[in-house]
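Below is one structure, written out as structure tokens, with a few remarks after it.
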Amino acid sequence: MQEKNIYLVFSKTGTWLSRVISLVSRVKYAHSSLSFDPSFTEMYSFGRINPDNPFSGGFVVENLYEGVYKKFPRCECIIYKIGVTAEQYSALKEQVEHFLRNREKYKYNFLGLFCVLLNRPLKRKYHYFCSQFVAEVLINSHILTSEKRPELITSKDLQMYMQDKDLIYEGFTALTPRYLEIGKALTP
Numbered sequence: 000m001q002e003k004n005i006y007l008v009f010s011k012t013g014t015w016l017s018r019v020i021s022l023v024s025r026v027k028y029a030h031s032s033l034s035f036d037p038s039f040t041e042m043y044s045f046g047r048i049n050p051d052n053p054f055s056g057g058f059v060v061e062n063l064y065e066g067v068y069k070k071f072p073r074c075e076c077i078i079y080k081i082g083v084t085a086e087q088y089s090a091l092k093e094q095v096e097h098f099l100r101n102r103e104k105y106k107y108n109f110l111g112l113f114c115v116l117l118n119r120p121l122k123r124k125y126h127y128f129c130s131q132f133v134a135e136v137l138i139n140s141h142i143l144t145s146e147k148r149p150e151l152i153t154s155k156d157l158q159m160y161m162q163d164k165d166l167i168y169e170g171f172t173a174l175t176p177r178y179l180e181i182g183k184a185l186t187p
């Protein structure tokens, strides 16, 4: 029984890291975020702590209309809505709250990104990259099932592995507020 919704946001931000990941992995959307909020003003991921400093990476609370998304106004995204049970939702919320409470401990797993290319999982304490974080919390909440370890899961994998997802938007993030009506996929 599905009682709650979560949202997965996959984006192409235009940062140098996003461009490199897209080029090497041949995916359009290199960045992954998780949201409980249909306004997308609170999305959780690993990325730039400071939008002006590409080396300040860690656990971040993103806003689809601020930070990196505002700094790079030609960002593109695809958003999926996923129905989950109350138990799954609660378990997911608990994990995200743990990351929030301990956010100063967490760092971006740059080295882990390169290990994905070599198909060698690298688990480092307090280090994640965006899709690794999203995959791990979804797996731990019994929302995602995967044979692949979170340390090897890419944004493309998340899009493929997630079952029963509804596409609700694809396009430029700058247009999202005007054209997105939750629950319906709209075209401008």
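Sequential numbering of the sequence shown, starting at 0, is according to numbering that gives the first Met the number 0. For each residue, glycine too, the CB sits at the ideal point set by N, CA and C. None of the values given here were measured: they were computed from a predicted structure.
_Rounded Cβ spacing between residue 60 and residue 43 (contact assumed at less than 8 Å)_ = 6 Å
*Between the Cα of residue 102 and those of 57, 119 and 66, spot the shortest distance and give me the residue it belongs to.*
57
*Count the other CB atoms within 10 Å of the CB of residue 162; is the residue buried (16 or more) or exposed (fewer)?*
exposed
*Using CA coordinates, which residue listed in 94, 67 and 79 is at the minimum distance from residue 139?*
94
*asked:* Short of 6 Å in beta carbon distance, which residues of its chain neighbour residue 183, apart from the five on each side in sequence? Order them along the chain.
replied: Reliability fails at residue 183, whose pLDDT of 47 lies under 50, so the model's placement of it is uncertain and the value that follows must be treated cautiously. Hits under 6 Å: none found.
*asked:* Which complete alpha helix (DSSP H) runs does the stretch 36-109 hold, if anything under 4 residues is left out?
replied: 66-70 and 85-100
*Taking the C-alpha atoms as reference points, what is the distance between residue 154 and residue 39?*
18 Å
*Within 10 angstroms of its Cβ, does residue 51 collect 16 or more other Cβ (buried), or is it exposed?*
exposed
*Can you name, in chain order, every residue of its own chain whose Cβ lies under 6 Å from the Cβ of residue 90, other than the five neighbours on each side?*
140
_Extent of the continuous alpha helix (DSSP H) to which residue 133 belongs_ = 129-139
_Straight-line gap, residue 119 to residue 157 (C-alpha atoms, nearest Å)_ = 18 Å
_Spatial neighbours of residue 49 within its chain, please: C-beta separation below 8 Å, excluding the five flanking residues on both sides._
55
*Note down, in chain order, each residue of its chain lying with its Cβ closer than 6 Å to the Cβ of residue 68, except the 5 sequence neighbours on either side.*
74 and 172
*For the stretch 115-135 against the stretch 21-40, are there 3 or more C-beta pairs whose distance is under 8 Å?*
yes
*Under a Cβ-count criterion, where at least 16 other Cβ atoms within 10 Å of its own Cβ denotes burial, should residue 14 be classed as buried or exposed?*
buried
*How about residue 143 and residue 134: are their beta carbons less than 8 Å apart?*
yes
*Can the beta-carbon of residue 12 be found less than 8 Å from the beta-carbon of residue 71?*
yes
*What distance in whole Å lies between the Cβ atoms of residue 167 and residue 79, which are believed to be in contact at a cut-off of 8 Å?*
7 Å
_Other residues of its chain near residue 181: CB distance less than 8 Å, five sequence neighbours each side excluded_ = Residue placement at residue 181 is poorly supported in this model, since its pLDDT is 47, which falls under 50; the coordinates still yield a value, given next. Within the same chain, residue 181 has close Cβ partners 37, 80 and 167.
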